[in-house]
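Reviewing the structure listed below.
Residue numbers (mature numbering (1 follows the signal peptide of the UniProt record, and there is no 0)): -22 to -1, 1 to 225.
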């Protein structure tokens, strides 16, 4: 009888030990989740290239998937400023504030981006430039030429662009000529061209042969042309041409 009592007592102690061990494991595994997730959808899908999620001096960058969906996980619980970077053809939407809560998903839903107005525009050395007229055509070799004119007779010229959707630069297409120049009656004679040691890139995103309209964006760095009164460098950024007619 004494031996049975000892065995029973041993089993009870063993079971209590296992139970305590499991309770300890569960206590150790129950670490509170202090992070959350941010979801946002850009519309159209190609309208945004990036979002910056900012808190103080810290910035988290995220890119969308093919459907324009941003999903940013493991954000520490806090408030963040969300800044959208649009693709060149779209306006930048207003910044938003995201309140991230532990273990939850903060869903902004769909953010609609506004397409820029039809025409051609750019920033010249950081200053906004927009023309009052355009003259666009295809040459005999089926290369596209785009001319935009602004007040004071300054103009931008994009030339010898292959007439098909894609991105073209001096590297991929040595014949691509980009220039920014200025003329006024009687002078001064000033020209800046990317072919004089500069660089250029143009992307055609859409061609509508029926309506004879093209859409795309561009940027270039143009150096002063020899034999003219131009000096220094002109830098054109954020250039777009949207539904401009060609002939």
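Backbone N, C-alpha and C define an ideal beta-carbon position, used for all residues, glycine too.
>> Taking the beta carbon of residue 210 as the centre, do at least 16 other beta carbons fall within 10 Å, making it buried, or is it exposed?
In response: exposed
> DSSP on residue 225, reduced to helix/strand/coil?
Replying inline: coil
>> Could you compute how far the alpha carbon of residue 296 sits from the alpha carbon of residue 147?
In response: Because residue 296 is not part of the residues shown, which for the chain are -22 to 225, the question remains open.
>> Please classify residue 114 as buried or exposed, where buried requires at least 16 neighbouring CB atoms within 10 angstroms.
In response: buried
> When the Cα of residue 86 is compared with those of 27, 94 and 77, which residue comes out closest?
Replying inline: 77
>> Output needed for residue 172: all residues of its chain with C-beta closer than 6 Å, excluding positions within five of it in sequence on either side, in chain order.
In response: 156, 178, 198 and 200
> Over what stretch of residues does the beta strand (DSSP E) that includes residue 87 continue unbroken?
Replying inline: 83 to 90
> If you follow the beta strand (DSSP E) that residue 143 is part of, which residue opens it and which one closes it?
Replying inline: Here residue 143 belongs to no beta strand (DSSP E), and DSSP marks it neither H nor E.
> How would you call residue 195, buried or exposed, if buried means at least 16 neighbouring beta carbons within 10 angstroms?
Replying inline: buried
> For residue 53, which three-state DSSP category applies?
Replying inline: strand
> Start and end of the beta strand (DSSP E) containing residue 169?
Replying inline: 168 to 171
> Helix, strand or coil for residue 277 per DSSP?
Replying inline: Residue coverage of the chain in this structure runs from -22 to 225, which leaves residue 277 outside it and unanswerable.
>> What residue range does the beta strand (DSSP E) around residue 40 cover?
In response: 36 to 40
> Is it right to say residue 37 is buried, meaning 16 or more other beta carbons lie within 10 angstroms of its own, or is it exposed?
Replying inline: exposed
> For the beta strand (DSSP E) that residue 30 lies in, which residues bound it at each end?
Replying inline: 26 to 33
> So the beta strand (DSSP E) residue 16 belongs to, where does it begin and stop?
Replying inline: 13 to 21
>> Going by beta-carbon coordinates alone, are residue 58 and residue 33 separated by less than 8 Å?
In response: yes
> Expressed to the nearest angstrom, what Euclidean distance is found between the alpha-carbon atoms of residue 163 and residue 65?
Replying inline: Here the model assigns residue 163 a pLDDT of 42, short of 50, so the residue's position is not dependable and the matter cannot be decided.
> Any idea if residue 45 is buried or exposed, counting beta-carbon neighbours within 10 angstroms, 16 or more meaning buried?
Replying inline: exposed
>> Mapping the DSSP letters down to three states, classify residue 67 as helix, strand or coil.
In response: coil
>> For residue 227 and residue 42, what's the separation of their Cα atoms in angstroms?
In response: As displayed, the chain neither begins before -22 nor continues past 225, which places residue 227 out of reach and without an answer.
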